[in-house]
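I have placed the structure first, in the form of structure tokens, so that the comments after it can refer back to it.
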Amino acid sequence: MIFSIYIINKAGGLVYNKDYSEGLSKLTSNEYLVLAGTFHGVHAITSKISPVPGSSGIEMLETDTFRIHCFQTLTGTKFLLVADPQQPSIDHTMRKIYEVYSDYCVKNPFQNPEMPIRSEQFDVHLLKLVKSVGGLVVNSNITTSSNPYIVSGAVNTGNTGVSASTASGTGGTNSALQSQTGGVSSQPASQPTITSGPSS
Amino acid sequence: MSGSTSTTSRLSVMSMAASLPSVGGYTSAASSMYSKRTTTTNILERHLNKTRGNEVSVNAFAFLFSEMLQYTQKRVHGIQDLERKLNELGYRVGIRALDLLVWRDKNSKRETRVLGMLYFIHTTVWKTMFGKQADSLEKSTENEDEYMISDNDPIVSKFISVPKDVSQLNCGAFMAGIVEAIMDGCQFPSRVTAHTVPIDGYPLRTTILIKLDKDVLEREEQLK
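Top line first, the protein sequences correspond to chains R and U. Note that this note's numbering has the first sequence beginning at 1129, numbered continuously upward. Note that this note's numbering has the second sequence beginning at 1089, numbered continuously upward.
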């Protein structure tokens, strides 16, 4: 499942962000910008502090409930993909996102480079892509269930109880996610582990 | 998403191709300094009638068209002006394309009737320029002198999203210019405009409206 997609320009500004799952806790627009800027900085630092010369920056940030995948283009634009840890073929999805971006943003004469992306066709085709890789959750029940996107603080146990019951009600695909969030509540601090790029 | 978006789909040779050196042309020029000339021939020396493998990449065209739009946008005041300018640019392409088409057509004849002419545009011109036929050719029910050619998914605006503040703009004005030049060149002077007419499943559908001059209609009457 894909939760969100962010696009960061080469100066560290957030030019695009979209959520593809319901029930994600929202940040304020300012916090999104801070998140993008911080990630941009951390990305730069990780490539600098690497003991092996010529290392890429951070490529994946992993927690119990989600992973943030980062793909940097040759021009310095970064695509961030927030996804479920079980989400398969991230590389392929990333490539496809890049393809959609270069088709409907770069070739669009009304889209200025490095500026916030306002391109209708880009939205449409990105949504289609996310749907095709099983990203979009249509089930509205998930709004009441516990949020896999919460980074700070513990997940309320009572809340998890509720979500467990909804999971048994809806069954199917959600149950894996629910049980996982249950796991988080027992060990509240889900420590992010940072995986740096290939060291070769 | 359709797989056709990028590398695979191709645009048939436009007259632009005659002035644009292809990638193959570049490599042959560079390598000829070191070795004998390879099998790839210079674009200017190729036979005009051979169309196979001479297509231009849709992406290359998209970038060129995007730059054309940005260039034009800086030099105009208002959307009307922009569309007029795009129409002019299309006219320059169309007049050359007509030359090429007539030369390539083996059993070409001069079209004398309006319908034959429009059919030629609908099929031959569209196929040569955009690699497919236009999707419909209609006669206006309201006005005697108006005809419409529609394209469900026009290649020129394939990657373009027009922002809200210039929503009246249709980049098909370029196609309209091409059609106008071909009509003009065949002695059917007319005014050609492009309009966005979205239908279900085809949000980019563009209709080219051809308004014939009075004397064309008079001539048509005499030929009946």
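Where is the CB? At the ideal position from N, CA and C, for every residue including glycine.
- DSSP places U:Asp-1239 within a strand segment (E or B) once states are collapsed to three.
- Assignment of R:Cys-1198 by DSSP, reduced to helix, strand and coil, places it in the strand class.
- Using a CB distance below 9 Å, the part of the region 1234 to 1253 of chain R facing chain U consists of Val-1234, Lys-1235, Asn-1236, Pro-1237, Phe-1238, Gln-1239, Arg-1246, Ser-1247, Glu-1248, Gln-1249, Phe-1250, Asp-1251, Val-1252 and His-1253, ordered along the chain.
- In the DSSP assignment, no residue is bridged to R:Lys-1176.
- In its chain, beyond the 5 residues on either side, Val-1228, Asp-1231 and Tyr-1232 have a beta carbon closer than 8 Å to the beta carbon of R:His-1253.
- Your pair R:Pro-1237 and U:Leu-1188 does not check out as a contact, with CB atoms roughly 27 Å apart and the cut at 8 Å.
- Contact of U:Val-1250 with chain R by beta-carbon distance below 7 Å involves Phe-1238.
- Nearest to U:Leu-1297 by C-alpha distance, out of U:Ser-1249, U:Val-1144, U:Gly-1260 and U:Lys-1194, is U:Gly-1260.
- Closest option to U:Leu-1305, judged by alpha-carbon separation, among U:His-1283, U:Val-1202 and U:Asp-1239: U:Val-1202.
- Distance from R:Leu-1255 to R:Lys-1224 at the Cβ level is roughly 13 Å; contact not present, criterion being Cβ atoms closer than 8 Å.
- Closer than 8 Å to the CB of U:Phe-1262 there is not a single CB belonging to chain R.
- Interface residue (Cβ-Cβ distance to chain R less than 8 Å): U:Ala-1185 is not classified as such.
- From the beta-carbon of U:Ser-1154, the residues of chain R found nearer than 8 Å are Lys-1235, Asn-1236 and Pro-1237.
- Cα atoms of U:Tyr-1207 and U:Leu-1225: separation of roughly 8 Å, rounded to the nearest angstrom.
- Each residue's CA atom was taken as its position, placing U:Ile-1209 and U:Val-1285 some 20 Å apart.
- Taking the CA atoms as reference points, U:Ile-1287 sits about 28 Å from U:Tyr-1179.
- Rounded to the nearest angstrom, the gap between the Cα atoms of R:Leu-1208 and U:Ser-1245 is 28 Å.
- By the neighbour-count definition (other C-beta atoms within 10 Å, threshold 16), R:His-1168 is a buried residue.
- The C-beta of U:Ala-1282 comes no closer than 8 Å to any C-beta of chain R.
- DSSP places U:His-1283 inside the beta strand (DSSP E), whose first and last residues are 1278 to 1284.
- Per DSSP, reduced to three states, the secondary structure at R:Tyr-1144 is strand.
- With fewer than 16 other beta carbons inside 10 angstroms of its own, R:Met-1243 counts as exposed.
- Taken through DSSP and simplified to helix, strand or coil, U:Glu-1234 comes out as strand.
- Using a Cβ distance threshold of 8 Å, U:Ile-1183 and U:Gly-1273 count as a contacting pair.
- Per DSSP, R:Ile-1135 is one residue of the beta strand (DSSP E) stretching across 1130 to 1136.
- The continuous alpha helix (DSSP H) containing R:Thr-1221 extends over residues 1218 to 1229.
- The secondary-structure analysis by DSSP pairs R:Phe-1250 with nothing; it has no beta-bridge partner.
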